[in-house]
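A.B. asks: Sharing a structure with you now.
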Amino acid sequence: MSFRFQPTPVARPNRCQLFGPGSRPTLFPKMASSAADVINLDLEDSVAPSDKDSARANVIQALANVDW
């Protein structure tokens, strides 16, 4: 059995986080093209209770189709 030491990956700085509501799919491409280090698609506080189901569907579609 042989072992190889793997170099420790360099940690990426988390300088800027961008939050966007999952109920606004028109914002997703703009968010993806931003210089933010982290993008959060919010499904809780920024989404009205009546829009929760469509927001979930929007986020699932965006994760599959938008070039993040």
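Take my numbering: the last position of the sequence shown gets the number 68, and nothing is skipped along the way.
A virtual CB, placed ideally from N, CA and C, is assigned to each residue, including glycine.
Could you say if the stretch 38–58 and the stretch 17–24 meet the contact criterion of at least three C-beta pairs nearer than 8 angstroms?
C.D. replies: Yes, the stretch 38–58 touches the stretch 17–24.
A.B. asks: Can you tell me the Cα-Cα spacing of A84 and D37, whole angstroms?
C.D. replies: As shown, the chain starts at 1 and ends at 68. That puts residue 84 outside it, with no answer to give.
A.B. asks: From A57 to C16, what does the alpha carbon distance come to, in whole angstroms?
C.D. replies: Sequence index remark: in the sequence shown, residue 57 carries index 57 (1-based). Sequence index remark: in the sequence shown, residue 16 carries index 16 (1-based). Rounded to the nearest angstrom, the two C-alpha atoms are 26 angstroms apart.
A.B. asks: Give the DSSP bridge partners of Q61, in chain order.
C.D. replies: In the sequence shown, the residue the question calls residue 61 occupies position 61. The partner list for Q61 (beta bridge, DSSP) is empty, contrary to what the question assumes.
A.B. asks: Measure the C-alpha to C-alpha separation of E44 and A32 and round it to an integer number of angstroms.
C.D. replies: As a working note, residue 44 is residue 44 in the sequence shown. As a working note, residue 32 is residue 32 in the sequence shown. C-alpha separation (whole angstroms): 20 angstroms.
A.B. asks: Use the C-beta contact count for F3: other C-beta atoms within 10 angstroms, 16 or more gives buried, fewer gives exposed.
C.D. replies: In the sequence shown, counting from the first residue as 1, residue 3 sits at position 3. Per the 10 Å Cβ criterion, exposed.
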